[in-house]
Amino acid sequence: MADFPRSLIEFQRRFPDEAACAAYLAAARWPDGFRCPHCGHGKGWELATKAHTWECAGCGKQTSVTAGTVMHGSKLALTVWFWAAYLMATHSNGIAALQLQKQLGLGSYKAAWLLCAKLRRAMVAPDRAPLSGLVEIDETVIPFRRKADPPHGGRGRSTEAKMPVAAAVEVNNGRPGRLRLARVADFSAASLHAFVKANLEVGATAKTDGWAAYPGAPGVRHEPHVVGTMAAHIVLPWTHRVFANLKTWALGVYHGLRQKHLQAYLDEFVFRFNRRRSRHAAFQTLLGIAVAVKPANYNMLIQPDPTG
Ligand SMILES: [Zn+2]
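In terms of the numbering used here, the sequence shown is residues 5 to 312.
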């Protein structure tokens, strides 16, 4: 499981058909061999008559290898799901529905859009352990596109259409760790304190540009660096880089973000940033494999799991 395809060629070789994808799912679910989620029995067999489904030799109940994943009950082939998740997890800028439709040869834009939306849902609630240690905090405004605005900006775009966004980046030995981004109501002390409280561990050190709204944020040590705007990128290099990349990405991939979906886009950006060095984990998270595969604990071994 540890060796994850590092190229498209390797990926195609590893997952050429439905059987290969199903075998991967079975291995993720049962690393030590089949175990029935209903009765805990360790013997079963894969059904020849029902795709990707195992039958327990003890209780006779059937379990699909896709149960609990985003693929369950889908009419799309497993290979399509695998490709979509792989492209989404490994493209450094992500992939839009239209690209996905073309690259996977999907019948309609709507099918591609739904596929993207389902995979993206896994990005919205990522592992949320609060940030710790030294954390850069900064705020910016992101322009958004209204219905009437032309996709590439220009004269039709209103200069008022901007949304305030706050960012927090862990800094470990001068290198960026995990990121958080959130849409905030404004840059008031109340809004920014709420952002700090929701995203930083108690005892963390918040490094800011000295903006007056930050002091007094609960539970964190504040390290203000009062600077002119010219030097802010030197004091807070990582939040500044994140904001620059976020704005470029928003224009490049989505031709400007829609206000309604802003937090979902921010979550997608954060998801990709935080998993930039663990693409296998990103791939599994997108497909819902990690969620479906619960580690066996003592209770599960001695009594049937009622949720299956
Ligand atoms: Zn069973």
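Cβ coordinates follow ideal geometry from the N, Cα and C atoms, glycine included.
ask   = If we count the other Cβ atoms within 10 Å of its Cβ and call it buried at 16 or more, is A254 buried or exposed?
value = buried
query = If we ignore side chains and look at the alpha-carbon of each, how far apart do R187 and V246 end up?
reply = 15 Å
key: Contact set, ligand 1 heavy atom to C-beta under 6 Å   = C40, H42, C43, H45, C60, G62, C63, K65
ask   = Should R225 go down as buried or exposed, given a rule of 16 or more other Cβ atoms within 10 Å for buried?
value = exposed
Short Cβ contact (7 Å threshold) for L29 with V69 = yes
query = Could you give the C-beta distance for P228 and P219, rounded to a whole number, given that I count them as a contact under 8 Å?
reply = 7 Å
key: For A210, the three-state DSSP class (helix, strand or coil)   = strand
inquiry  = Can you tell me whether N177 is buried or exposed? The criterion is at least 16 other CB atoms within 10 Å of its CB, across all chains shown.
reply    = exposed
inquiry  = According to DSSP, C60 sits in a beta bridge with which residue or residues?
reply    = G48
task = Give every residue of the same chain whose Cβ lies closer than 7 Å to the Cβ of K251, excluding the five residues on either side of it in the sequence, and list them in chain order.
result = I146
task = Have a look at L91 and M167 and give me their C-alpha separation to the nearest angstrom.
result = 29 Å
query = Thinking C-alpha only, which one of L291, T73, L51 is nearest Q66?
reply = L51
ask   = Thinking C-alpha only, which one of L261, R124, L138, K201 is nearest K211?
value = L138
request  = With a cut-off of 8 Å on the beta carbons, I'd call L266 and A93 a contact; round off their distance for me.
outcome  = Not a contact, Cβ separation roughly 22 Å.
inquiry  = I believe L185 touches V274 by the beta-carbon criterion, under 8 Å. Please report the beta-carbon distance rounded to the nearest angstrom.
reply    = 5 Å
inquiry  = Taking the beta carbon of E14 as the centre, do at least 16 other beta carbons fall within 10 Å, making it buried, or is it exposed?
reply    = exposed
query = What distance in whole Å lies between the Cβ atoms of V169 and E143, which are believed to be in contact at a cut-off of 8 Å?
reply = 7 Å
task = Determine, using beta carbons only, whether A88 and L104 come nearer to each other than 7 Å.
result = yes
inquiry  = What residue range does the beta strand (DSSP E) around I146 cover?
reply    = 138 to 149
message = In the DSSP output, which residue or residues are listed as bridge partners for E227?
response = K211
Residue from A23, L12, G64 with nearest C-alpha to A81 = A23
key: Own chain partners of L261 with C-beta closer than 6 Å, once the 5 adjacent residues on each side are dropped   = F148, A254, Y269
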